Amino acid sequence: MSALEGLVVQRSTAAQQLAAGLASRIVAGAFAPGDRLRESAIATELGVARNTVREAVRILEQTGLVQYEVNRGAVVISPTPEKVDALYTARELLETTAVSKPVGEPALAALRTAYDELVAAAASHDALRIVDVDLAFHSAIVATLGSTRLDEFYAELMVELRFYLTVLSLEDREFEHPDDILAEHRTILEAIESGDTATAVQHVRSHIETNARRVIEILDGRA
Numbered sequence: 001m002s003a004l005e006g007l008v009v010q011r012s013t014a015a016q017q018l019a020a021g022l023a024s025r026i027v028a029g030a031f032a033p034g035d036r037l038r039e040s041a042i043a044t045e046l047g048v049a050r051n052t053v054r055e056a057v058r059i060l061e062q063t064g065l066v067q068y069e070v071n072r073g074a075v076v077i078s079p080t081p082e083k084v085d086a087l088y089t090a091r092e093l094l095e096t097t098a099v100s101k102p103v104g105e106p107a108l109a110a111l112r113t114a115y116d117e118l119v120a121a122a123a124s125h126d127a128l129r130i131v132d133v134d135l136a137f138h139s140a141i142v143a144t145l146g147s148t149r150l151d152e153f154y155a156e157l158m159v160e161l162r163f164y165l166t167v168l169s170l171e172d173r174e175f176e177h178p179d180d181i182l183a184e185h186r187t188i189l190e191a192i193e194s195g196d197t198a199t200a201v202q203h204v205r206s207h208i209e210t211n212a213r214r215v216i217e218i219l220d221g222r223a
C-alpha cells in the first residue's frame, strides 16, 4: 500500500493542501524517519504539477517535518526522545527566564497581539496555522528579554520545535478542540500581565514540560 493512497489534492490551494496532507502522513508514521520525499513520484501519483510538490515540500521544510540533505534532497527528520528532551530543556530555560522578570507595556502589547492571533487561528481549526501562531506567541515571550541573539537562537530551536508541536497537534487532534490551547496560553498571558512572575514561571514550565512528556510518549509508542 502506498503511503499516499487516499490523499486527494484540491487544486484551488494545491501546495497548502498537499503540505497539510503530507504533514498528517509524516506525523502518522506513513513516512518513516529518513525517508526521501521524491517530488517526481509524488507528482505522478497524485496527478499534480511538480512545482506544486516542490512548494509543498518547502512548506514542510519550514515546519521542521523535513530537512534537505546533500545528495538526497528532502527527507523526513529522525526525532528521538533524547532530542526532544534537549530541545525542550533549552526552550524551558529561555522562556522561564523571560517571564521571571516584569514585562514592559510594549512587550505586553506584542504578547496580547500574539494571543489574539492565536484565538483567530484556533477558530480556523487549521493545525499547521495554529502551530505557527502558537510558536509566534512563545517567540513573543522570548522577545521580552530584549536580546536579538536570543531571538535568533530561539528561531533556530523553532525549526525542530515546529515538528514536535505538529506531531502533538495532529496526534491528539488539538486543532479540533482548541479551547484547551487557548486556556493554557491565556493563563500564561494573565500571569505576565499581572506581574506575578512566580506564577508565570510555573505556568510556562508546566506547559512546556507537559508538551515534552506527551511528545516523548508519542515517539516511544512508535518505536
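In UniProt numbering, the protein residues as written are 1 to 223. Where is the CB? At the ideal position from N, CA and C, for every residue including glycine. On a predicted model such as this, the values are computed, not experimentally measured, just so you know.
Report the option in the options whose CA atom is closest to the CA atom of residue i.
i           : options              : result
residue 176 : 70, 130 and 14       : 130
residue 74  : 137, 65 and 189      : 65
residue 189 : 60, 200 and 180      : 200
residue 155 : 196, 124 and 91      : 91
residue 117 : 210, 30, 169 and 137 : 137
residue 153 : 108, 110, 207 and 87 : 87
residue 126 : 13, 3 and 20         : 20
residue 96  : 207, 42 and 41       : 207
residue 23  : 61, 181, 70 and 187  : 61
residue 119 : 80, 70 and 178       : 178
residue 185 : 71, 106, 81 and 114  : 114
residue 202 : 93, 27, 35 and 80    : 93
residue 37  : 174, 69 and 13       : 69
residue 182 : 122, 150 and 193     : 122
residue 187 : 128, 112, 221 and 7  : 112
residue 213 : 13, 80 and 47        : 80
residue 247 : 128, 106 and 13      : With the chain covering 1 to 223 only, the question about residue 247 has no answer from this structure.
Between residue i and residue j, how many whole angstroms is the CB-CB distance? I'm expecting something under 8 Å.
i           : j           : result
residue 171 : residue 218 : 5 Å
residue 215 : residue 84  : 5 Å
residue 54  : residue 39  : 6 Å
residue 18  : residue 52  : 6 Å
residue 49  : residue 43  : 6 Å
residue 197 : residue 100 : 5 Å
Residues in its own chain within less than 6 Å of residue i by CB, not counting five upstream and five downstream?
i           : result
residue 158 : 135
residue 11  : Bear in mind that the predicted position of residue 11 carries a pLDDT of just 49, short of 50, making it unreliable; the figure below should be weighed with that in mind. If we look at residue 11 and ignore the five residues flanking it on each side, it has no Cβ neighbours.
residue 59  : 19
residue 15  : 52, 55 and 56
residue 45  : 4
residue 191 : 199, 200 and 203
residue 7   : 21
residue 35  : 76
Could you tell me which residues DSSP puts in a beta bridge with residue i?
i          : result
residue 67 : 75
residue 36 : 75
Between which two residues does the alpha helix (DSSP H) holding residue i run?
i           : result
residue 196 : Residue 196 -> no alpha helix (DSSP H), and no H or E assigned at all.
residue 111 : 105–124
residue 102 : Element bounds for residue 102: n/a, residue is neither H nor E.
residue 133 : 127–143
residue 4   : That residue, residue 4, is in no alpha helix (DSSP H); it is neither H nor E in DSSP.
residue 169 : 148–172
Starting from the C-beta of residue i, find all residues in its chain whose C-beta is less than 7 Å away, skip the five residues before and the five after it, and write them out in chain order.
i           : result
residue 98  : 141, 142, 144 and 145
residue 195 : 102
residue 193 : 108
residue 27  : 166, 167, 170 and 171
residue 151 : 142 and 143
If I measure Cβ to Cβ from residue i and keep anything under 8 Å in the same chain, skipping five residues before and after, which residues do I get?
i           : result
residue 77  : 33, 64, 65, 66, 67, 160 and 163
residue 211 : 88, 164, 165 and 168
residue 124 : 130
residue 2   : 45
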